[in-house]
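Numbering (the UniProt record's numbering), first residue to last: 1 to 228.
Cβ coordinates follow ideal geometry from the N, Cα and C atoms, glycine included.
Working notes, beginning with the structure itself.
In structure tokens:
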């Protein structure tokens, strides 16, 4: 277990394309994707992974059609409501990582409520990157440092990230057969291993998760150094 990743990040890509391939509305793909997340969390719990960060909505996603954006907002709120009891039963702490700008007051209240009631849960920390951008997170961190009149150092930048208690990500999984990072956890992924899956997010499986972890275990992580 020592070589297992402690923190996995997932770029849940391919919902829209999955739906279009089946002649469905893109929004239907996002609904199926939300259900898939529930399944994957079960897998993560079985493996005793401590931290999971999932990319749900980026700051760039505001550029999508209004109907799709509105659906994603409603779907996110519904996801939090529907899984509230499960979060408590499964001992999951939920943290929403991202900017609160442009979010409705209703959604912000729901976010704050879920974060508050789950804050003492300890089996898994589920960080949902929502209205999130890696560059924005770094900029916001630097702004805090300047406001507090501190020296701009790597340590201080790390301390002022959105959820700074969460360790750097070990393994990033991107679904959707795309080969980009898409502004995800830019600071925290400095030494991450990356696994690109050909599967669309709604088609992601337990076996594919195992494949990604096996590929991670096989890697000799040197963090810039070499063995003497």
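If we ignore side chains and look at the alpha-carbon of each, how far apart do residue i and residue j end up?
i, j, result
"residue 92", "residue 129", "16 Å"
"residue 132", "residue 218", "31 Å"
"residue 67", "residue 104", "16 Å"
"residue 22", "residue 60", "26 Å"
"residue 40", "residue 88", "17 Å"
"residue 145", "residue 25", "44 Å"
"residue 127", "residue 192", "17 Å"
"residue 179", "residue 209", "17 Å"
"residue 167", "residue 69", "30 Å"
"residue 5", "residue 71", "33 Å"
"residue 98", "residue 54", "12 Å"
"residue 8", "residue 119", "20 Å"
"residue 106", "residue 84", "16 Å"
"residue 10", "residue 42", "14 Å"
"residue 147", "residue 207", "47 Å"
"residue 220", "residue 73", "40 Å"
"residue 3", "residue 50", "13 Å"
With a CB to CB cut of under 7 Å and the five nearest residues on each side skipped, what residues in its chain are close to residue i?
i, result
"residue 141", "157, 160 and 161"
"residue 115", "94, 95 and 96"
"residue 186", "134, 135 and 138"
"residue 58", "132, 133, 182 and 183"
"residue 34", "75 and 79"
Using C-beta distances below 6 Å, list every residue in its chain close to residue i, excluding the 5 sequence neighbours before and after it, in chain order.
i, result
"residue 195", "173, 212 and 215"
"residue 44", "52"
"residue 111", "96"
Could you tell me if residue i is buried or exposed, where buried requires 16 or more neighbouring beta carbons within 10 angstroms of its beta carbon?
i, result
"residue 282", "Since the first residue of the chain shown is 1 and the last is 228, residue 282 is not available in this structure."
"residue 200", "buried"
"residue 13", "buried"
"residue 170", "buried"
"residue 65", "exposed"
"residue 198", "exposed"
"residue 152", "exposed"
"residue 164", "exposed"
"residue 122", "exposed"
"residue 143", "exposed"
"residue 36", "buried"
"residue 124", "buried"
Determine which residues share a DSSP beta bridge with residue i and list them.
i, result
"residue 58", "132"
"residue 29", "In DSSP, residue 29 forms no bridge with anything."
"residue 9", "53 and 172"
"residue 148", "None; residue 148 has no bridge partner."
"residue 126", "52 and 94"
"residue 194", "172"
Whose C-beta lies closer than 8 Å to the C-beta of residue i among residues of the same chain, with five residues either side of it excluded?
i, result
"residue 32", "15, 18, 19 and 202"
"residue 108", "100"
"residue 80", "94, 110, 111 and 114"
Identify which residue in the options has its Cα closest to the Cα of residue i.
i, options, result
"residue 27", "76, 126 and 3", "76"
"residue 86", "143, 117, 150 and 30", "117"
"residue 190", "106, 102 and 154", "154"
"residue 30", "83, 175 and 56", "56"
"residue 252", "176, 188 and 220", "Only positions 1 to 228 of the chain appear in this structure, which leaves residue 252 out of reach."
"residue 82", "11, 188 and 38", "38"
"residue 48", "62, 150 and 90", "90"
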